[in-house]
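Taking it in order: structure first as structure tokens, then the write-up.
Chains as they are written, first to last, in my numbering: chain G, 1 to 290; chain B, 291 to 624; chain Y, 625 to 865.
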């Protein structure tokens, strides 16, 4: 196959991977701070995707414009979820939390199925069929905008954690729960805040994702698993790792789809997961747990 | 031997058990076909739930990919039957080692490399998904088009080839569920059962007591997989069609664990009770919806989700321990 | 007398910190040996290395003449060394009796035989009446005794006790001391204990090793080390002498 086909597929994969990375970033933030394994992550993303689809078909507003409001809705959802339901589970055994979120995921997926039916929905923006050309490189406009939006959102998030007081407080909680309590941080509120931020992340990723893929209720669980693969590969608790992992998986998926059959591309993601779990469980950028 | 088995059960508990068993035995005579089919589903979930419980409830290893053992066994038995005319009981003899080997691989990779807790659960999911996608492309099993078992109209029940009317299947799965219960009871009060509980409670302390935890965790996974295997063979011969998308689906894995989680992980009666409660309520919901003409695909799953949520939040040890205390038939502290 | 346990210049480093620095000692069969010293001296690290929970960086650890350095903790237990934990770890959801049965099953394959043996041990450790209670419902002193019972159930030749007296009242300490002395006298069980409670050390140990910052600064009979100026300075203070 000619080189430019590889190149174009690879670039497309990287751009998609950036969106994956944003999605995984949300998961990483939640796990890194609140230490809850959010097994309903992809399902939450599908809520955002459906919101985008519905608002697009109703109001004809480009998803990227709806990005912030929808992310805000997901933020509220995440905040309420953590404060209301998940908080008492932090001290419970791991599998208890896990099952709680599995239950939540199950409810979300099937509620969406009841409301929207199993057929795929999509967002057809005005630029859906456009592409940019630079020499041999042909890039879908949708993918380019998606990747750019993802980087932008991720950048804002990094800045938030690095430079704002609240961001630092959250990082303190993650580092040392007891220490945070001792210095008077309202840990419960910060946890809820963090979960909300993680949800906003995945909400943003979902909205951006509608530019690239069609929406069905069943993609929720698929993305949950993908998010886990990315986060574990990149390093649980490492924000940069989530992005790196996302790009890696996006790239692998795209190339695998090209070289083998498209439907088998998630097999590679799982193969990578197994390899990482076995040989480098802390992921590419993660720190080894002592 | 009955005394040995009944030992540890209070008179009340033994009586309760006998009544339930009797009711189950005569059920096909007094119920219609639809009801028998529902009971078959309940018992199937009670059976596979018990098999899963061995790994989770006894040894503390959370598997969310148990559908892989069901699927592998189903396909092995189905292929042997459709291509070579080999009956299911012989097929079972082939399916069990396959399932156990799969469990051994997953267990070995996980335990050698220290993959535990939630990571282990994710690993099991990954393997099941791998199988799902893999089988979707596997021509020898007809890939995504599905594998179909020949269903002829038989004049009589053929137990050897598991062809016949629902009543025959009912008694087969009932027998299997009872045997599984006996097995679980035996395992729990044996040396291996004690070691599993110790590992579940505190693996490091278990090792300090001289337990080779790697070996016993491997036993748990392999035995659980082997027991699940029969469920897979049954599945193949009862439903007569296999699609990778359905058989290996994560929803199947979740269904298997739902009964046990709701009934009570780690207990002996939990998985059985949970299967009854869950499926019983679900079918009632279904019938009610049908009666009112409401057709909501997915409603049953929402219901499952809500049940799971309620149990995890309010009754984390499951319904059985709570119920048993009320009835005065609590299982011993183990 | 043959040395049951022998440590030869054993060391352990954690990145920059030397937790145990070339410590050597031998414990003859049938002796009660104590390891004392200030917090952070490396005592539990020493135990962890002997019990196989941690690998040593240098030196040799031998038990009954054979090296046990590279063995895992379960293998070490099978060789005949049992240990208790500084923060007790009974199996919470199991009954007291079942906890001990787990230990007893190491050498008694049959559950009935293991139960008989477990009951005998529970009687000795005065926990028989509580045998059907869940371990998580016990008080701290009882949980400590349970931990000892479980360790003893594995029929060890050497018992490692990590601060088993901590948190016990004087009367409870005396009971535990009496039980341990009895075991040592009747069965010849060798005991190595880490202790801060000097009352117990003086009553039990025939020899004491003092660790400070990972270094063995003194060893000898209890009477001798309480007068040792280095020990007084780093750990005991003037009152003990």
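Even for Gly, the Cβ is constructed at its ideal location relative to N, Cα and C.
Rounded separation between residue i and residue j - CA only
{"i": "residue 853 (chain Y)", "j": "residue 504 (chain B)", "result": "49 Å"}
{"i": "residue 740 (chain Y)", "j": "residue 236 (chain G)", "result": "48 Å"}
{"i": "residue 289 (chain G)", "j": "residue 493 (chain B)", "result": "Here residue 289 (chain G) scores only 48 on pLDDT, less than 50, and its place in the model is too uncertain to base an answer on."}
{"i": "residue 623 (chain B)", "j": "residue 725 (chain Y)", "result": "Any reading at residue 623 (chain B) needs caution, since the residue's pLDDT is 41, under 50, leaving its predicted position unreliable; the model's value is listed next. Whole-angstrom Cα-Cα distance: 14 Å."}
{"i": "residue 156 (chain G)", "j": "residue 671 (chain Y)", "result": "50 Å"}
{"i": "residue 42 (chain G)", "j": "residue 87 (chain G)", "result": "20 Å"}
{"i": "residue 827 (chain Y)", "j": "residue 692 (chain Y)", "result": "30 Å"}
{"i": "residue 321 (chain B)", "j": "residue 574 (chain B)", "result": "15 Å"}
{"i": "residue 587 (chain B)", "j": "residue 314 (chain B)", "result": "30 Å"}
{"i": "residue 96 (chain G)", "j": "residue 50 (chain G)", "result": "29 Å"}
{"i": "residue 160 (chain G)", "j": "residue 54 (chain G)", "result": "30 Å"}
{"i": "residue 746 (chain Y)", "j": "residue 845 (chain Y)", "result": "32 Å"}
{"i": "residue 20 (chain G)", "j": "residue 13 (chain G)", "result": "10 Å"}
{"i": "residue 840 (chain Y)", "j": "residue 797 (chain Y)", "result": "26 Å"}
{"i": "residue 824 (chain Y)", "j": "residue 851 (chain Y)", "result": "17 Å"}
{"i": "residue 433 (chain B)", "j": "residue 453 (chain B)", "result": "24 Å"}
{"i": "residue 859 (chain Y)", "j": "residue 661 (chain Y)", "result": "6 Å"}
{"i": "residue 784 (chain Y)", "j": "residue 645 (chain Y)", "result": "20 Å"}
{"i": "residue 639 (chain Y)", "j": "residue 221 (chain G)", "result": "42 Å"}
{"i": "residue 421 (chain B)", "j": "residue 364 (chain B)", "result": "13 Å"}
{"i": "residue 780 (chain Y)", "j": "residue 628 (chain Y)", "result": "12 Å"}
{"i": "residue 8 (chain G)", "j": "residue 439 (chain B)", "result": "45 Å"}
{"i": "residue 735 (chain Y)", "j": "residue 303 (chain B)", "result": "23 Å"}
Residue i at chain B interface by Cβ criterion, 8 Å
{"i": "residue 865 (chain Y)", "result": "Confidence in residue 865 (chain Y) is poor, its pLDDT being 47 and thus under 50, which makes the residue's placement unreliable; the coordinate value appears in the next sentence. No, because no Cβ of chain B sits closer than 8 Å to the Cβ of residue 865 (chain Y)."}
{"i": "residue 686 (chain Y)", "result": "no"}
{"i": "residue 37 (chain G)", "result": "yes"}
{"i": "residue 103 (chain G)", "result": "yes"}
{"i": "residue 788 (chain Y)", "result": "no"}
{"i": "residue 715 (chain Y)", "result": "yes"}
{"i": "residue 69 (chain G)", "result": "no"}
{"i": "residue 96 (chain G)", "result": "yes"}
{"i": "residue 675 (chain Y)", "result": "yes"}
{"i": "residue 774 (chain Y)", "result": "yes"}
{"i": "residue 289 (chain G)", "result": "Any reading at residue 289 (chain G) must be qualified, since the residue scores a pLDDT of 48, below 50, and its modelled position is unreliable; no value is offered."}
is_contact[residue i, chain Y] using C-beta, thresh 8 Å
{"i": "residue 557 (chain B)", "result": "no"}
{"i": "residue 478 (chain B)", "result": "no"}
{"i": "residue 484 (chain B)", "result": "yes"}
{"i": "residue 481 (chain B)", "result": "yes"}
Best match in the options for proximity to residue i [C-alpha to C-alpha]
{"i": "residue 409 (chain B)", "options": "G:198, G:233, G:250", "result": "G:233"}
{"i": "residue 632 (chain Y)", "options": "Y:707, Y:820, Y:680, Y:747", "result": "Y:680"}
{"i": "residue 458 (chain B)", "options": "B:609, B:619, B:329", "result": "B:329"}
{"i": "residue 360 (chain B)", "options": "B:604, B:533, B:599, B:582", "result": "B:533"}
{"i": "residue 229 (chain G)", "options": "G:217, G:253, G:209, G:213", "result": "G:253"}
{"i": "residue 666 (chain Y)", "options": "Y:797, Y:842, Y:834", "result": "Y:834"}
{"i": "residue 626 (chain Y)", "options": "Y:651, Y:634, Y:759", "result": "Y:651"}
{"i": "residue 497 (chain B)", "options": "Y:699, Y:644, Y:647, Y:640", "result": "Y:699"}
{"i": "residue 357 (chain B)", "options": "B:538, B:334, B:602, B:389", "result": "B:538"}
{"i": "residue 68 (chain G)", "options": "G:266, G:281, G:243, G:197", "result": "G:197"}
{"i": "residue 464 (chain B)", "options": "B:344, B:618, B:562", "result": "B:562"}
CB contact below 8 Å: residue i versus chain G
{"i": "residue 401 (chain B)", "result": "no"}
{"i": "residue 291 (chain B)", "result": "Any reading at residue 291 (chain B) needs caution, since the residue's pLDDT is 46, under 50, leaving its predicted position unreliable; the model's value is listed next. So no, residue 291 (chain B) is outside the interface."}
{"i": "residue 411 (chain B)", "result": "yes"}
{"i": "residue 420 (chain B)", "result": "yes"}
Any non-hydrogen atom of the ligand GTP closer than 7 Å to residue i Cβ
{"i": "residue 252 (chain G)", "result": "As for the ligand GTP, it is missing from this structure, which has no ligand bound."}
Whole runs of the beta strand (DSSP E) within the stretch 124-176 of chain G, excluding any shorter than 3 residues: Listed in chain order, the complete beta strand (DSSP E) runs (minimum 3 residues) inside the stretch 124-176 of chain G are 131-134, 137-140.
Selection of the stretch 590-607 of chain B by Cβ proximity to chain G, strictly under 9 Å: 590, 591, 592, 593, 594, 595, 596, 597, 598, 599, 600, 601, 602, 603, 606: these are the residues of the stretch 590-607 of chain B whose beta carbon lies less than 9 Å from some beta carbon of chain G, given in chain order.
Complete alpha helix (DSSP H) runs within the stretch 455-523 of chain B (minimum length 4 residues, chain order): Correct list: 456-478, 481-491, 493-498.
Segments of 4+ residues assigned as alpha helix (DSSP H) that fall wholly inside the stretch 93-120 of chain G: The stretch 93-120 of chain G contains these whole alpha helix (DSSP H) runs: 94-116.
Whole runs of the alpha helix (DSSP H) within the stretch 202-244 of chain G, excluding any shorter than 4 residues: As far as the stretch 202-244 of chain G is concerned, its whole alpha helix (DSSP H) runs of at least 4 residues are 219-234.
Members of the stretch 244-275 of chain G near chain B, C-beta cut-off 8 Å: Of all residues in the stretch 244-275 of chain G, only 261, 263, 264, 266, 267, 270, 271, 273, 274 come within less than 8 Å of chain B when Cβ atoms are compared, listed by chain position.
Under 7 Å (Cβ pairs) to chain G, residues found in the stretch 484-502 of chain B: Correct list: empty, as no residue qualifies.
Every unbroken beta strand (DSSP E) inside the stretch 810-863 of chain Y [3 residues or more]: Fully contained in the stretch 810-863 of chain Y are the following beta strand (DSSP E) runs of length 3 or more, in chain order: 814-818, 831-836, 839-844.
Runs of beta strand (DSSP E) lying entirely within the stretch 702-736 of chain Y, each at least 3 residues, in chain order: DSSP runs (the beta strand (DSSP E)) wholly in the stretch 702-736 of chain Y: 705-707.
Under 7 Å (Cβ pairs) to chain B, residues found in the stretch 726-751 of chain Y: Of all residues in the stretch 726-751 of chain Y, those with a C-beta nearer than 7 Å to a C-beta of chain B are 726, 727, 729, 730, 733, 735, reading in chain order.
Against chain G: residues of the stretch 537-558 of chain B by CB proximity under 7 Å: Sequence-ordered contacts of the stretch 537-558 of chain B with chain G read 540, 544, 551 [C-beta pairs closer than 7 Å].
Residues in the stretch 58-88 of chain G having any Cβ partner in chain B nearer than 7 Å: Within the stretch 58-88 of chain G, no residue has a Cβ lying closer than 7 Å to any Cβ of chain B.
Members of the stretch 111-134 of chain G near chain B, C-beta cut-off 7 Å: Contacts with chain B (Cβ-Cβ distance below 7 Å) from the stretch 111-134 of chain G involve 111, 113, 114, listed in chain order.
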